[in-house]
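Q:
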Amino acid sequence: MEGPWSSVDFDHPSTFETMAMEEKVKKMVVEDLDRFVERKEFYKRVGKAWKRGYLLYGPPGTGKSSLIAAMANYLKFDVYDLQLSSLTSRDLRRLLVSVANKSIIVIEDIDCSVKLDNRANNDPTTAESNKEKNKLALSGLLNFADGLWSSLGDERIIVFTTNYKDRLDPALLRPGRMDMHIHMSYLTPSGFKTLAFNYLRVKNHPLFGEIEERLKEVKVTPAEVAESLMRSDNAEVALGGLVEFLQRKKVEMLTKLNEIVAATAVDDQNGICDGERQGMEVEECNGANRVDKTNKRKKEMVISMERKSLSSTIKRCKLDTVEPNLDLFLI
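With positions in the sequence shown counted from 1, the corresponding number in the numbering used here is that position plus 183.
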């Protein structure tokens with residue numbers, strides 16, 4: 184590869200078959216990719232650049248990088264890893280001009296690259312200068328996403344990743360820039376079965392039921408479970424170790440919830456409202472409304488769960504900390 188890019192062979196083994204994701208989500212992503220590469224004439228007819236934007240968001244270890252590799256392997260596209268933290272619009276344009284067609288342009292941790300780097304700089308002059316550079320880089324990025332720069336090539340896919348979707352500039356999220364939003368969630372029972380087959384070559388086991396119930400109680404990433412399964416090639420040993428790992432995670436979760444409740448109770452006794460505890464400036468604390476509904480629910484759930492043996496299996500868990508499995512947004 185010539186120009187400003189450094190070239191290395193891309194040999195990542197990830198495929199959609201090995202991804203620990205819900206099957207319906209994998210199917211939707213594959214169908215969207217197929218539809219994109221087959222619509223050259225459509226894009227030309229409607230006067231739009233032949234490109235597609237994806238946003239992958241979720242906690243670390245949930246498979247964002249693996250999904251990018253699976254997309255590249257499926258389409259047989261080159262991958263361009265773009266680091267924005269030190270780029271200006273001029274740098275960005277120079278790099279994008281040299282990107283080949285049939286490529287995936289990856290911008291990881293977009294929230295850190297564009298918005299958060301300046302917070303650590305205490306020099307007002309330098310911080311202002313860096314802020315201006317980042318503004319230019321963001322402006323150039325938006326221009327590439329759906330402005331004049333978007334016509335620099337054909338059959339390109341742009342993938343943004345972030346651990347914190349709510350930190351992104353709303354301008355990046357609008358239709359035409361990030362066309363599909365994919366939430367990479369904590370591990371689900373379906374995803375666990377994929378990992379168990381990948382690492383242990385087993386499709387069923389007596390411990391599967393217990394593991395799947397525990398996965399409904401605690402939040403663990405595919406990376407955490409994969410690391411646990413790698414500790415032994417023996418399915419009985421590996422799955423037994425995973426049960427113990429999930430039990431420890433549950434104890435940690437309950438401990439943290441107890442700490443939250445204890446801290447809330449102390450602050451309540453001292454007349455401290457939630458805003459003050461978080462270091463926010465508040466003019467007035469209403470004593471009658473110091474504890475919000477969320478904290479009340481947490482108290483009730485912890486009290487209820489403490490009455491149960493930690494070794495028992497909870498059939499239904501209504502804790503606020505348990506998020507929905509996966510969601511995918513098409514724009």
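Here a beta-carbon is modelled for each residue, glycine too, at the ideal position from N, C-alpha and C. In this text, all values refer to a predicted model and were calculated from it rather than measured experimentally.
Would DSSP call T345 helix, strand or coil?
A: Three-state result, T345: strand.
Q: Compute the distance between the beta-carbons of I287 and I340, then report whether it is under 8 Å.
A: Yes, the Cβ-Cβ distance between I287 and I340 is below 8 Å.
Q: Since V208 is in the alpha helix (DSSP H), which residue starts that stretch and which ends it?
A: Note, V208: alpha helix (DSSP H), 206 to 220.
Q: Determine the direct distance from the alpha carbon of V212 to that of H366, and round the result to whole angstroms.
A: Answer to the nearest angstrom: the Cα atoms are 12 Å apart.
Q: Give me the Cα-Cα distance between N441 and E435, rounded to the nearest whole angstrom.
A: Whole-angstrom Cα-Cα distance: 10 Å.
Q: Under a three-way DSSP split, which group does L238 fall into?
A: Three-state result, L238: strand.
Q: Where does M202 fall in DSSP's three states?
A: In the structure shown, M202 sits in coil (DSSP, three-state: anything other than H, G, I, E or B).
Q: Hey, quick one: how far does the beta strand (DSSP E) through Y263 stretch, first residue to last?
A: Unbroken beta strand (DSSP E) run through Y263: 261 to 264.
Q: Would you please state the rounded distance, in angstroms, between the beta carbons of V401 and K439? I believe it to be under 8 Å.
A: Not really, about 11 Å apart at Cβ, beyond 8 Å.
Q: If you pair each beta-carbon of the region 249 to 267 with each one of the region 339 to 356, do three or more pairs fall below 8 Å?
A: Yes, the region 249 to 267 is in contact with the region 339 to 356.
Q: Three-state secondary structure (DSSP) at S268?
A: Here S268 sits in coil by DSSP.
Q: Contact check, L279 vs M361 under 8 Å by CB: the rounded distance?
A: No, L279 and M361 are not in contact; Cβ-Cβ is about 17 Å, not under 8 Å.
Q: Considering just the uninterrupted stretch of the alpha helix (DSSP H) at V229, what are its terminal residues?
A: That run of the alpha helix (DSSP H) goes 223 to 229.
Q: Count the CB pairs spanning the region 240 to 249 and the region 189 to 204 that are closer than 8 Å, and state whether there are at least three.
A: These segments touch.
Q: Are A203 and P405 closer than 8 Å when you measure CB to CB?
A: Going by C-beta atoms, A203 is nearer than 8 Å to P405.
Q: Please state whether the Cβ-Cβ distance between K285 and E338 is less than 8 Å.
A: A contact, by the Cβ cut-off of 8 Å.
Q: Who are the near neighbours of G244 in its chain, counting only those whose CB is closer than 6 Å to its CB and skipping five residues on each side?
A: Closer than 6 Å at the Cβ level, and outside the excluded window around G244, lie T404, A406.
Q: Can you give me the C-alpha to C-alpha distance between T371 and K234, rounded to a whole angstrom?
A: Between T371 and K234, the C-alpha separation is close to 31 Å.
Q: Taking the alpha-carbon of E571 as reference, which of L351, L378, S373, E395 has the nearest alpha-carbon?
A: Any answer about residue 571 is impossible in this case: the structure gives the chain only from 184 up to 514.
Q: Can you say whether M413 is buried or exposed, counting buried as having 16 or more other CB atoms within 10 angstroms of its CB?
A: Exposed, since its Cβ has fewer than 16 Cβ neighbours within 10 Å.
Q: At what residues does the alpha helix (DSSP H) containing M413 begin and finish?
A: Element bounds for M413: n/a, residue is neither H nor E.
Q: Just the C-alpha distance for L437 and Y257, rounded to the nearest angstrom, thanks.
A: In a straight line, the C-alpha of L437 is about 41 Å away from that of Y257.
Q: CB-CB under 7 Å to A354, same chain, minus the five flanking residues each way: which ones, in chain order?
A: Cβ within range, chain order: L325.
Q: Using DSSP with H/G/I as helix, E/B as strand and the rest coil, what is V434?
A: It is helical.
Q: Given D416, which residues of its chain have a CB within under 8 Å of its CB, disregarding the five upstream and five downstream residues?
A: L383.
Q: According to DSSP, which residues form a beta bridge with S286?
A: Beta-bridge pairing links S286 to D261, R339.
Q: Tell me the DSSP secondary structure of G244 in three-state form.
A: G244: coil per DSSP, three-state reduction.
Q: Hey, could you find the ends of the alpha helix (DSSP H) T377 is sitting in?
A: Here the alpha helix (DSSP H) through T377 covers 372 to 383.
Q: Taking Cβ to Cβ, would you say L425 is nearer than 8 Å to V408?
A: Against a cut-off of 8 Å, the Cβ pair of V408 and L425 comes out as a contact.
Q: Are the CB atoms of Y226 and A232 nearer to each other than 8 Å?
A: Contact flag set, yes.
Q: Count the other C-beta atoms from every protein chain shown that fall within 10 angstroms of the C-beta of A448, then say buried if there are 16 or more, exposed otherwise.
A: A448 is exposed by the Cβ-count criterion.
Q: How close, in whole Å, do the beta carbons of S373 and E206 come, if the pair is a contact with beta carbons under 8 Å?
A: With a Cβ gap of about 7 Å, S373 and E206 count as contacting.
Q: Give the C-beta separation of L422 and R397 to the nearest angstrom, bearing in mind that I take them to be a contact with Cβ-Cβ under 8 Å.
A: Their Cβ separation, rounded to whole angstroms, is 11 Å, which puts L422 and R397 out of contact at 8 Å.
Q: How would you write the range of the alpha helix (DSSP H) that F391 sits in, first residue to last?
A: Note, F391: alpha helix (DSSP H), 391 to 398.
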